[in-house]
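Sequence order for the protein chains is A and B. Quick note: the first sequence uses our numbering, first residue 690, plus one each step. Quick note: the second sequence uses our numbering, first residue 442, plus one each step. Think of the CB as a built atom: it goes at the ideal place given N, C-alpha and C, for glycine as much as any other residue.
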Amino acid sequence: MPSYSATVSATSAPTNVGIKIDNQQLFFKRDATGAWEASGPVISDKNPVPFEFRAIGIGGAHVTLKISLTAGGAHSGAFNKDYVIPNDLLLVADDGVKIS
Amino acid sequence: MKKWLAGALLLGCSSVLYCQTSAYQDADGTSSIFLANAKASITYNVSDSKFNIGYLYEPAATKVPDFEAQLAQDLLHISKLEDKLEDVKNTIKDQTELKMKTEDYQKKLDDYKADADRLRAEIKANPKSHCWTGCEFGISLTGKPESDLTGQILQSGKTPADFGGGFLIGRHGIGAKDIFAQGPMDVLRDDWFLVNVTYDRSTFNTVATGATTAVAQHFNGFTILPVYNALLNIPGFSFLGGVGAGVNRTNNTGDLKKVQISTSQSSSGSVSVVSQSSAFLGTYQEAIGVPVYSDFVFIPKKLPWLGIDAFQRSNVATTNRSANGGVGLYFAKPSNPTAVLGGLSVGWKNGKATASIVAGWSF
């Protein structure tokens, strides 16, 4: 059963990011680099897993969504995608990740 | 407000954050906007010859509450699977199908039980880590390296020496809605409140008007400045505002004339040997001030690399009362609009024009 962890980083402060998986907010925190890290619920055998994340920042700032997957303690995949905060300062993105 | 601030100080709760002085500075290197742009940043105020180095650290985001939430989910799955397994045993008569179904459910059950054991171990191994989730720790150093820093620290500098440091602590999300509760047209996107505490030590000479000898001064300054910053979504601009009011210990060297004092060491015939030192000419005063700062930074949505800062700096105390203000233009990385690379500002200070150049870098 794979476990899930995700990191979202944004280049512009002030910035907030939250992540949802299966309509459950996993975390809502910020670190010094505008990066977020979470250990989410077990994803079991759903494939792909849809999730939504949101970011707040100055319009034009770049946000990088980084997801790494582990299974049984071993790294089993990675997912990175770049976004740009739009003019309304709030980025809402839906995406999915394949679990191998 | 006092309760949560005290709690944040003592417990390091999840909303605590530390930031760095932003590059939106006036000619004196002051600002009411504090940002967490990067792990570390450097700003150098050319006009004030003042540098600021900030470093931020955040502990690993081991999240016991998440582990607990996952464990609750696992236990729910385990309960359901056990029910299904029992149901299969009671309802399916075909031995081949029963064996296949039983093995399938048993495998899933074993997986969830193994994961539950892992989560219990994580919770046990990190009994207090959740207290630090979201906390950030930072320090800042400031200085005016007009002469050698060693001389400044050792109180042997010849020019107004200044070396200090400080920290910030605060809370993120005061009035702004939770990120998942916000709509596309909401105005208040983000805000935070923090207290900036700094200490600086400086050594310099003063000489009263008409006096013939200089007096060495050792100044210990401090600033305690609570500030509120907000990020607003307004038509055409990203708006970053900051207001702050606090208390500081200041001196009036900025209003005194900087002079060179020549002291005769010896003379022989037409040759005289003199030593020179810098001093501030006039009546030197130290005072407790009440600074009131505000910054209004407009970042055009179509030009995210440009920031326009209208700022105000005042001291509303009875001694050394002042009112300053001005406008600055700042240039940033297009992909990171608050990471200012450089900027310049013009303003007035007690009726006199001032100019400032700031350079910054985040890494």
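Own chain partners of residue i with C-beta closer than 8 Å, once the 5 adjacent residues on each side are dropped
| i | result |
| --- | --- |
| lysine 742 (chain B) | Gly677, Phe678 and Ser679 |
| aspartate 627 (chain B) | Lys618 and Asn674 |
Secondary structure of residue i, DSSP reduced to three states
| i | result |
| --- | --- |
| aspartate 603 (chain B) | coil |
| serine 733 (chain A) | Residue confidence for serine 733 (chain A) is low, a pLDDT of 49 falling below 50, so the modelled location carries little weight and cannot support an answer. |
| aspartate 556 (chain B) | helix |
| lysine 521 (chain B) | helix |
| tryptophan 802 (chain B) | strand |
| valine 731 (chain B) | coil |
| alanine 764 (chain B) | strand |
| glutamine 623 (chain B) | coil |
| glutamine 536 (chain B) | helix |
| isoleucine 807 (chain B) | Lying before the first or after the last residue shown, residue 807 (chain B) is absent from chain B, which here runs from 442 to 804. |
| aspartate 545 (chain B) | helix |
| alanine 513 (chain B) | helix |
| asparagine 776 (chain A) | coil |
| valine 757 (chain B) | coil |
| leucine 609 (chain B) | strand |
| aspartate 551 (chain B) | helix |
| lysine 774 (chain B) | strand |
| lysine 469 (chain B) | As written in the sequence, residue 469 (chain B) is aspartate, which differs from the lysine given in the question. Three-state result, aspartate 469 (chain B): coil. |
| lysine 618 (chain B) | coil |
| leucine 582 (chain B) | strand |
| leucine 744 (chain B) | coil |
| asparagine 791 (chain B) | coil |
Rounded C-alpha distance that separates residue i from residue j
| i | j | result |
| --- | --- | --- |
| glutamine 547 (chain B) | leucine 526 (chain B) | 7 Å |
| leucine 512 (chain B) | tyrosine 772 (chain A) | 32 Å |
| glutamate 523 (chain B) | lysine 542 (chain B) | 12 Å |
| leucine 666 (chain B) | glycine 682 (chain B) | 16 Å |
| aspartate 619 (chain B) | arginine 743 (chain A) | 11 Å |
| glutamine 466 (chain B) | glutamine 658 (chain B) | 27 Å |
| tyrosine 771 (chain B) | asparagine 674 (chain B) | 19 Å |
| proline 775 (chain A) | alanine 649 (chain B) | 58 Å |
| phenylalanine 492 (chain B) | threonine 704 (chain A) | 25 Å |
| glycine 651 (chain B) | asparagine 637 (chain B) | 40 Å |
| glycine 730 (chain B) | arginine 561 (chain B) | 54 Å |
| alanine 750 (chain A) | arginine 690 (chain B) | 38 Å |
| proline 745 (chain B) | isoleucine 745 (chain A) | 15 Å |
| phenylalanine 621 (chain B) | isoleucine 747 (chain A) | 17 Å |
| phenylalanine 739 (chain B) | lysine 549 (chain B) | 55 Å |
| serine 709 (chain B) | arginine 642 (chain B) | 40 Å |
| glycine 767 (chain B) | arginine 559 (chain B) | 59 Å |
| lysine 755 (chain A) | leucine 780 (chain A) | 16 Å |
| aspartate 777 (chain A) | phenylalanine 752 (chain B) | 24 Å |
| serine 472 (chain B) | valine 688 (chain B) | 14 Å |
| threonine 700 (chain A) | asparagine 777 (chain B) | 5 Å |
| threonine 532 (chain B) | glutamine 514 (chain B) | 27 Å |
| lysine 540 (chain B) | leucine 629 (chain B) | 59 Å |
Best match in the options for proximity to residue i [C-alpha to C-alpha]
| i | options | result |
| --- | --- | --- |
| tyrosine 725 (chain B) | B:Phe739, B:Asn692 and B:Val733 | B:Asn692 |
| asparagine 670 (chain B) | B:Val712, B:Ser786, B:Tyr553 and B:Arg612 | B:Arg612 |
| leucine 672 (chain B) | B:Phe663, B:Phe737, B:Gly723 and B:Phe721 | B:Phe737 |
| alanine 686 (chain B) | B:Arg642, B:Gly662, B:Ser735 and B:Phe663 | B:Ser735 |
| leucine 516 (chain B) | B:Asp535, B:Thr532, B:Asn531 and B:Asp556 | B:Asp556 |
| serine 698 (chain A) | A:Leu779, A:Lys770, A:Thr753 and A:Asn769 | A:Thr753 |
| leucine 609 (chain B) | B:Ser581, B:Thr760, B:Asp545 and B:Thr537 | B:Ser581 |
| threonine 664 (chain B) | B:Ala617, B:Thr654 and B:Thr639 | B:Thr639 |
| asparagine 661 (chain B) | B:Glu727, B:Thr654 and B:Gly695 | B:Glu727 |
| serine 716 (chain B) | B:Ser707, B:Asp632 and B:Val757 | B:Ser707 |
| glycine 748 (chain B) | B:Ala758, B:Asp551 and B:Ser786 | B:Ser786 |
| serine 433 (chain B) | B:Asn791, B:Gly695, B:Asp696 and B:Ile494 | Chain B is shown from 442 up to 804; residue 433 (chain B) falls before or after that span and cannot be answered. |
| isoleucine 474 (chain B) | B:Lys534, B:Val733, B:Asn765 and B:Asp528 | B:Val733 |
| serine 705 (chain B) | B:Asp632, B:Lys565, B:Thr654 and B:Asn531 | B:Thr654 |
Close Cβ partners of residue i (< 7 Å) along its chain, the five nearest in sequence each way excluded
| i | result |
| --- | --- |
| histidine 518 (chain B) | Tyr553 |
| glycine 607 (chain B) | Ser581, Asn637, Val638, Thr639 and Tyr640 |
| leucine 722 (chain B) | Val648, Thr650, Leu697, Lys698 and Val700 |
Chain E within 8 Å of residue i, Cβ atoms only
| i | result |
| --- | --- |
| serine 755 (chain B) | Among the protein chains of the structure shown, namely A and B, there is no chain E. |
Same chain only: Cβ atoms within 6 Å of residue i, ignoring 5 sequence neighbours per side
| i | result |
| --- | --- |
| serine 795 (chain B) | Sequence inspection shows threonine at residue 795 (chain B); the serine mentioned does not correspond to that position. Excluding sequence neighbours, threonine 795 (chain B) sits near Ala468 and Gly788. |
| alanine 800 (chain B) | Tyr485 and Gly783 |
| lysine 774 (chain B) | Ala780 |
| valine 712 (chain B) | none |
| phenylalanine 634 (chain B) | Gly611, Arg612, Ile615 and Tyr669 |
| threonine 760 (chain B) | Ala728 |
| valine 714 (chain B) | Gln706 and Ser707 |
| phenylalanine 656 (chain B) | Correcting the residue identity first, residue 656 (chain B) is valine in this sequence and not phenylalanine. Cβ within range, chain order: Thr647. |
| glycine 769 (chain B) | Asp750, Gly784 and Ser786 |
| isoleucine 494 (chain B) | Ile483 and Leu582 |
Legend entry - beta strand (DSSP E) runs wholly inside the segment 625–670 of chain B, at least 3 long, in chain order: 629–648
Legend entry - Every unbroken beta strand (DSSP E) inside the segment 673–712 of chain B [3 residues or more]: 678–686, 688–692 and 698–709
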